[in-house]
Amino acid sequence: MAELEAERAFLTTAQTALHRMYAEVVDRDVPVIGGEDNDERFTNEANQRAKEMRTHALLDLPDVPLFFGRLDYEHGTIPDLDQIYIGRRHVHDGSGVPLVIDWRAPVSVPFYRATRSDRQRVLMRRRYGFSDHAELTGFEDEPLTGVVETDQADAFLRAEIERPRTGPMRDIVATIQPEQDDLVRAPLHPSVCVQGAPGTGKTAVGLHRVAYLLYTERERLGRGGVVIVGPNRSFLSYIRKVLPALGEVDVRQITIDELLTRPTGAIDDVEAERLKGDARMADVLRRALWSYVGTPTEGVLYSKGSRRYRVHDYEVVDIVSDLRESTRYAPGRNALAQRIAHVVLVRMEERAESPDDRVQNAVARSKPVKDVLDSVWPRVAPEQILHRLFSNADFLAQAAPALTDEERTALLWTKPARSWKSAKWSFADTVLLDELEDLIERRTGSLGHLVLDEAQDLSAMQLRALGRRCRTGSATVLGDLAQATTPWAAGSWDRVLGHLDKSDGVVAELDRGFRVPEQIIRFAAKLLPEIAPTLSTPSGVRTVADALSVVPASESTLADEVIAACKSALAGEGSVALIAADDQVAALRDAIAAAGLEVALIGETEDEIDTVRLVCVPATLAKGLEFDAVIVAEPAHIVAAEPRGLHRLYVVLTRAVSRLQIIHAEPLPGALG
Ligand SMILES: Nc1ncnc2c1ncn2[C@@H]1O[C@H](COP(=O)(O)OP(=O)(O)OP(=O)(O)O)[C@@H](O)[C@H]1O
């Protein structure tokens, strides 16, 4: 007990020190440089911003414990310190002595990696338990010397996983497992791609990796920035608090549709959307664009005063064929003007004139040259090309020899807009427009790092668009091929990395499921031979008594059974979700609300998971989320709702941390029956 008191006292000391560090930063004046020109303003703003970020990072978050572990080292391992406290950020006592060391620092690594057989000079690992309000409630010691094996680490992990969920996802910094730590601390380059079964910690790894990279590579990443791309707003809302809890507030979390923002007004049918995401479209767009470059039939006659200079048609033909596809379209057009002007300059020099660069530019901008440009290398807008492709069967056929007749028909609009300016674009179209834009003029700038979560669902064309935004940066790609629910999914990680233009990326696999109890994983994995035959069956690290139950019902009793299941789940602790097919979920929510339970429907607003214990989740929004108890209504409907319904069901069945209850009137689908 005395020791617990001592630890509590140390926590208070550390908190006081953090408050002092915070006050010091707040009190420190930001130097303001006089003057109002751009550079000075920029410097002043940057200084102010740096201060804001620093104060933000030093805020004491009342629910986030300041440290979570301690390492006792052999004497002399670290100068002046035999034990270190490990937490989410550095805290020092004001005279330079560290009180808490950031989990990302090299001396913290053994907290995650040291084992009995490889102690790394650690004598003992201590883990602390905290209440929901960050009060220190106890600790457990794991000696790494001696011979007695303990399973304290496992017990601690299990307790951490099973701590009831309220609100959004939390960090796992106290219990990162060695195989996860490898990925979290992998260097910035090359890119890393993680295939992992449900609940193996991919999202957690991605977020902690961002925090780690910002710690080790802040300068390099600061320039381009870090972006996390998630499948939808509900998911982003769910993960939004993890990085701030780790002290990182400057990371954009965004959906792919938001990243490629453009107004959209059209909706594709599934086949058109699949085709528009297909990698072959890159070639279609390239051909379509370059078909605008024609073969010159006339030369150029440039006059200056009474003098005339001729560039012959065959010379222009040579220049055009030289430039065609050797660079992007817009710079190619400029180069054509300059090359023609250069020939004119040579003609001038042949007549002993001495023209300079200014003359060359004037010639390049002159009317005769511009006329040639407009006829053989016209300016084009991405929308113009796409409009022509989808409204003109001959043009499409010419640009898309690799597509079948049926595929081309599926792409053609039934009622094309009169002009490209009034055309309405779908989400898949915006990705194609993005590709065309880059073919015309290379996109500049690059993110420092890009994290793609649920990457198995992205199309080849989306991946290309993302890769373009991160040309010189690196990526962390996270996903599970068995959870691919889009018909345009790329299908293999090598292909995903290829489309992203990160073929040097390393693919790793996580196969220990932390979220889902073993019984539930085994049940859901019966679908794997059908939906992802190449993947091996994952294992769960925990079994939980009565984790899985299947309740038969009839059509007329289904809603009552669902309500009863919700009530019984609410009697336990933590979060509860009812997941059903999208077209069934609203009616079930109404029935549950009519029975007097407080319930929210995910997708209606962003923060539902924070405030209400029971939520209804449309099957298509369940990806990436998790709940302590999950009730799945009528799996057969979920499967029937879409072409990859079995994949969707696999996602839905793997959301539960402790209990899964399946209620069905129709027979269970596929291998589950
Ligand atoms: N080392 C760990 N310690 C404690 N909890 C962990 C650990 N690893 C994962 N978890 C927990 O397991 C759950 C699943 O993690 P996460 O959502 O990152 O998995 P995922 O692989 O992205 O799953 P999915 O494919 O289903 O989206 C989370 O609650 C996470 O906090």
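Counting in the UniProt record's numbering, the sequence shown runs from 1 upward without gaps. Every residue, glycine too, gets a C-beta built ideally from N, C-alpha and C. Since the model is a prediction, treat every value here as computed from it, not as a measurement.
- Distance from the C-beta of R70 to the nearest heavy atom of ligand 1 is not below 6 Å.
- The segment 10-28 and the segment 89-101 touch, with no fewer than 3 CB-CB distances between them shorter than 8 Å.
- With the rule of 3 Cβ pairs closer than 8 Å, the segment 624-642 does not count as touching the segment 535-549.
- Put simply, of T486, S556 and Y309 the residue whose alpha carbon is nearest the alpha carbon of H342 is Y309.
- Remark: the C-beta of P618 is outside contact range of ligand 1, defined as less than 6 Å to any heavy atom.
- In this structure, DSSP gives A337 a helical state, which the three-state scheme calls helix.
- DSSP places E509 in the strand class (E or B) of the three-state scheme.
- By the Cβ-count criterion, D453 is buried, with 16 or more other Cβ atoms from all chains shown falling within 10 Å of its own Cβ.
- For ligand 1, a non-hydrogen atom lies closer than 6 Å to the CB of T175.
- For a cut-off of 8 Å, the C-beta gap from M169 to I256 is around 20 Å, too long to register as a contact.
- A straight line joining the alpha-carbon of A640 with that of V585 spans about 15 Å.
- The Cβ atoms of L660 and I520 sit closer than 7 Å to each other.
- Around the beta carbon of I592, 16 or more other beta carbons sit within 10 angstroms, so the residue counts as buried.
- I86 counts as buried, since at least 16 other C-beta atoms from the protein chains shown sit within 10 angstroms of its C-beta.
- The closest CA to that of E219, considering only L432, A50 and T543, is found on A50.
- Take T537, set aside five residues on each side of it, and the residues of its chain with a beta-carbon closer than 7 Å to its own are A525 and L528, in chain order.
- Straight across, the Cα-Cα distance linking I662 with D511 is about 25 Å.
- Counting only the Cα atoms, I563 lies some 13 Å from A571.
- Partner residues in the beta bridge of G230, as assigned by DSSP, are T255.
- CA-CA distance, S321 to H449, rounds to 38 Å.
- For R515, the distance from the CB to the nearest heavy atom of ligand 1 is below 6 Å.
- Distances between the C-beta of G574 and the heavy atoms of ligand 1 are all 6 Å or more.
- Of the candidates E160, S291, I631 and D494, the residue whose Cα lies closest to the Cα of A400 is S291.
- With a 10 Å radius around the Cβ and a threshold of 16 neighbouring Cβ atoms, S108 comes out buried.
- Close CB contacts of I440 within its chain, under the 6 Å cut and outside five residues either way in sequence, are with Y329 and A330 (chain order).
- Boundaries for H449: no alpha helix (DSSP H) harbours it, while the beta strand (DSSP E) harbouring it runs H449 to L452, taken from the DSSP string.
- DSSP, reduced to helix, strand and coil, places P618 within a strand of the structure shown.
- Within 6 Å of the C-beta of E179 there is not a single heavy atom belonging to ligand 1.
- Cβ-Cβ distances below 6 Å link K502 to S191 and A475 in the same chain, with the five nearest sequence neighbours on each side left out; the list follows chain order.
- In the structure shown, H189 adopts coil according to DSSP, grouped into three states.
- Per DSSP, A352 lies in no beta strand (DSSP E) and is assigned neither H nor E.
- The closest CA to that of D480, considering only S354, Y212 and P533, is found on P533.
- Its chain contains L144 as the residues whose beta carbon lies nearer than 7 Å to that of R116, once the 5 sequence neighbours on both sides are disregarded; these appear in chain order.
- For F67, the enclosing beta strand (DSSP E) covers residues F67 to Y73.
- Judged by DSSP secondary structure, R408 falls within the alpha helix (DSSP H) whose first and last residues are D405 to L411.
- Per DSSP, the beta bridge partners of A580 are P618.
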